[in-house]
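To start, the structure under review is shown below, and the notes come after it.
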Amino acid sequence: MRSQDGAAREFLDAGECLRLLGSVPVGRLVFTQGGLPVIRLVNFLVDTDTIVFVSDDPEWLQAAHRGDVVAFEVDDLDPSRHLGWTVTSIGHLSVVPAAEAADLERTAPSWVGLGGRPLFRLGVESLSGRRAPIDAQGNGSEAFPNRHGLRTVAT
């Protein structure tokens, strides 16, 4: 079920988070490289309760073999209506085995761009989401204006 905190941010349940996660084609992978945080945009697909994506980056291959913990974030914002949502998942990174990768390549949408490149899987161990506040009439909230006059939502 959905719940509201004192600041009127709407927290989403796991089912809604998974539904939203699968509704967009691009997300942000957050990992550590050389002791510093790095964020990369990636095309991905949701495979049951895991996230699969592709990369030629040898650092990712090393991270997957180590089972590094990474984060993944997706969102959708409508600045004109001051509405939006964000979903964050955290888990261990792994390499998708070759046989399973071949199956995924046959069924994945073309925009994922697998094309025989190494596939990585994020086993979702923590999943959380928030929706931009809405008022009693279902309209977008005024949230917080930024320096460009747009409204942003506190997370």
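Add 252 to the 1-based position in the sequence shown for this note's numbering, that's all there is to it. Here a beta-carbon is modelled for each residue, glycine too, at the ideal position from N, C-alpha and C.
query: Could you check where the alpha helix (DSSP H) with H317 kicks off and where it finishes?
result: Sequence index remark: in the sequence shown, residue 317 carries index 65 (1-based). Looking at the DSSP string, the run of the alpha helix (DSSP H) that includes H317 is 310-318.
query: Is there contact between the segment 262-274 and the segment 377-385, where contact requires at least three CB pairs shorter than 8 Å?
result: Yes, the segment 262-274 is in contact with the segment 377-385.
- request: Can you grab the Cα-Cα spacing for the pair P349 / L281, in whole Å?
  value: By one-based count along the sequence shown, residue 349 stands at place 97. By one-based count along the sequence shown, residue 281 stands at place 29. Rounded to the nearest whole angstrom, the CA to CA distance from P349 to L281 is 20 Å.
message: Using a Cβ-Cβ cutoff of less than 7 Å, which residues in the same chain neighbour V376 once the five nearest sequence positions on both sides are dropped?
response: Sequence index remark: in the sequence shown, residue 376 carries index 124 (1-based). Here V376 has D301, T302, I303, S341, G343 as same chain residues with Cβ atoms under 7 Å from its own Cβ, once five neighbours each way along the sequence are excluded.
- prompt: Which residues in the same chain have their Cβ closer than 6 Å to the Cβ of C269, if we skip the five residues on either side of it in sequence?
  reply: Reading the sequence shown from its first residue, position 17 is the one you call residue 269. For C269, where only same-chain residues beyond five positions count, the Cβ hits under 6 Å are V339, L379, G381.
query: Using DSSP with H/G/I as helix, E/B as strand and the rest coil, what is A323?
result: Looking up residue 323 in the sequence shown gives position 71. In the three-state DSSP reduction, A323 falls in the strand class (E or B).
task: Within the same chain, show all residues whose beta-carbon is closer than 8 Å to that of D308, passing over the 5 residues directly before and after it, in chain order.
output: In the sequence shown, the residue the question calls residue 308 occupies position 56. Same-chain partners within the cutoff: R369, P370.
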